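Enquirer:
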Amino acid sequence: RKDVMADLAQVEPAVIDAQAAVSNIKKKQLAEVRTMANPPAPVKLALESVCLLLGEDDRGGDWKAIRGILVKDSFITSIVKFDTSQLTDDVREKMKSRYLSNP
Numbered sequence: 004r005k006d007v008m009a010d011l012a013q014v015e016p017a018v019i020d021a022q023a024a025v026s027n028i029k030k031k032q033l034a035e036v037r038t039m040a041n042p043p044a045p046v047k048l049a050l051e052s053v054c055l056l057l058g059e060d061d062r063g064g065d066w067k068a069i070r071g072i073l074v075k076d077s078f079i080t081s082i083v084k085f086d087t088s089q090l091t092d093d094v095r096e097k098m099k100s101r102y103l104s105n106p
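Numbering-wise, my numbering puts 9 at position 6 of the sequence shown, and it's gapless, one number per residue.
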């Protein structure tokens, strides 16, 4: 339990920051990202991590799959209303190993 709470404490600030930033995203901006044939690595990495948190299958970071997730009307709402207490141990571990340790 202690380890889980420590992991959550590490991830939660990033999630809260992301929720605040995402709530300000306009549909036009999201559409612009979707039209990118090959987005910058930080953009793709950030969206991969969001897909993981939301439980969406991005097929291992496949950009076409990620774009398919971005077109969902519920995408922004899902992020803004995301509840960090629902994170599974598996997702926490993947976030730590794939994204939080990636500069």
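Heads up, the beta-carbon is just placed ideally off N, CA and C, and yes, glycines get one too. None of the values given here were measured: they were computed from a predicted structure.
1) Within the same chain, show all residues whose beta-carbon is closer than 6 angstroms to that of I72, passing over the 5 residues directly before and after it, in chain order.
2) Could you spell out where the alpha helix (DSSP H) holding Q32 opens and where it closes?
3) Can you list, in chain order, the residues of its chain with a C-beta nearer than 7 angstroms to that of V25? Leave out the 5 residues immediately preceding and following it.
4) Where does S88 land, buried or exposed, given buried means 16+ other C-beta within 10 angstroms?
5) Would a C-beta distance cut-off of 8 angstroms place D10 and R95 closer than the cut-off?
6) How far does the alpha helix (DSSP H) with L46 in it reach, from first residue to last?
7) Starting from A68 and walking both ways along the alpha helix (DSSP H), at which residues does that stretch end?
Expert: Let me lay it out:
1) C54 and E59
2) K30 to R37
3) I79, I82 and V83
4) It counts as exposed.
5) yes
6) At residue 46 the sequence reads Val, which differs from the Leu that was named. That run of the alpha helix (DSSP H) goes A44 to L57.
7) W66 to L73
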